[in-house]
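Engineer: Below: one structure in structure tokens.
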Amino acid sequence: EPEVTQTPSHQVTQMGQEVILRCVPISNHLYFYWYRQILGQKVEFLVSFYNNEISEKSEIFDDQFSVERPDGSNFTLKIRSTKLEDSAMYFCASSDLAPDSYEQYFGPGTRLTVT
Amino acid sequence: AQKVTQAQTEISVVEKEDVTLDCVYETRDTTYYLFWYKQPPSGELVFLIRRNSFDEQNEISGRYSWNFQKSTSSFNFTITASQVVDSAVYFCALSGLRSGSEKLVFGKGTKLTVNP
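Quick note, the sequences are listed as chains Z and X, same order.
Our numbering applies: residue 1 is where the first sequence begins, and numbers increase by one.
Our numbering applies: residue 1001 is where the second sequence begins, and numbers increase by one.
Okay, here's the thing in structure tokens:
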């Protein structure tokens, strides 16, 4: 069964450093998402991406964040200058929006720890 | 604005008990989807069910069943004869069907502990 993959599974970085989280969505999907889950809290939407541009972003997704689809397979989330409060699990998801089978398929997540 | 409320923060049951997890949602969309996800201690999000707003039929899948009631904006999840492996955090989520982005709005989750 096709699946969304994410690398790395765990990233430790120092405050102020840039990090890039990587995702490989399911190959025939057209819509891509990033979500964040601070430890013990709910899953929060960050950004959605379609047709090589951001289609929606939350207020969490400020100028420190950016997303890119650099080639035909990868989907990346960059945090330019990490803060302690960026420590969280980051989930990538993809979907095809077919009405009869609409589902967002989630990757296993990247745990980001900012020290 | 869309909102999902899971009023039960934590539930603890003994194995073989039935347990119902509540979910109440708010949306102005006439067409929307509701979801349940399971998050075991390992952290991944496991899809359990999707329901669209036009289909109010209840669904049963093994020990799991879902009760969707538009009149009360609720989409409750029942586990029958619970097992220790059901211990996890369960999230209810809502998605509209606006073109270009169908972000999921999650509730805060209900932590279910099933004790042997």
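Cβ coordinates follow ideal geometry from the N, Cα and C atoms, glycine included.
(1) For Phe1091(X), which residues in chain Z fall below 9 Å Cβ to Cβ?
(2) Using a Cβ-Cβ cut-off of 6 Å (strictly less than) and excluding sequence neighbours within five positions of Phe1077(X), which residues of its own chain qualify?
(3) Distance check for Gly72(Z) and Ser1087(X), CA to CA, integer angstroms please.
(4) Report the rounded CA-to-CA distance for Ser95(Z) versus Gly1043(X), giving the unit in angstroms.
(5) Are the C-beta atoms of Leu1048(X) and some chain Z residue less than 8 Å apart?
(6) To which residues of the same chain is Ile1011(X) closer than 8 Å at the C-beta, ignoring the five residues directly before and after it?
(7) Could one say the Cβ of Pro8(Z) lies closer than 8 Å to chain X's Cβ atoms, at least one of them?
(8) Indicate whether Val1089(X) and Gln1039(X) have their beta-carbon atoms separated by less than 8 Å.
(9) Short of 9 Å Cβ to Cβ, which residues in the region 1038–1072 of chain X face chain Z?
Structural biologist: This is what the structure holds:
(1) Taking the first residue of the second sequence as 1, we reach residue 1091(X) at position 91. Per Cβ cutoff of 9 Å: Lys42, Val43.
(2) Locating residue 1077(X) in the second sequence gives position 77, where the first residue counts as 1. Listed in chain order, the non-local C-beta contacts of Phe1077(X) below 6 Å within the same chain comprise Leu1021, Trp1036, Trp1066, local neighbours out to five positions each way being set aside.
(3) Here residue 1087(X) corresponds to residue number 87 of the second sequence, with the count starting at 1. Here residue 72(Z) corresponds to residue number 72 of the first sequence, with the count starting at 1. Spanning the two alpha carbons is a distance of roughly 38 Å.
(4) By one-based count along the first sequence, residue 95(Z) stands at place 95. By one-based count along the second sequence, residue 1043(X) stands at place 43. Going by the C-alpha atoms only, they are around 20 Å apart.
(5) For the purposes of this step, residue 1048(X) is identified with residue 48 of the second sequence, where counting begins at 1. No, Leu1048(X) does not count as interfacial toward chain Z.
(6) The residue given as residue 1011(X) occupies position 11 in the second sequence. The answer, listed in chain order, is Val1019, Leu1021, Thr1110, Lys1111, Leu1112, Thr1113.
(7) For the purposes of this step, residue 8(Z) is taken as residue 8 along the first sequence, with counting starting at 1. Answer no: the Cβ-Cβ gap between Pro8(Z) and chain X never drops below 8 Å.
(8) On the second sequence, residue 1089(X) is found 89 positions in, with the first residue counted as 1. On the second sequence, residue 1039(X) is found 39 positions in, with the first residue counted as 1. Taking 8 Å as the Cβ cut-off, Val1089(X) and Gln1039(X) qualify as a contacting pair.
(9) Gln1039, Ser1042, Gly1043, Glu1044, Leu1045, Val1046, Phe1047, Arg1050, Asn1052
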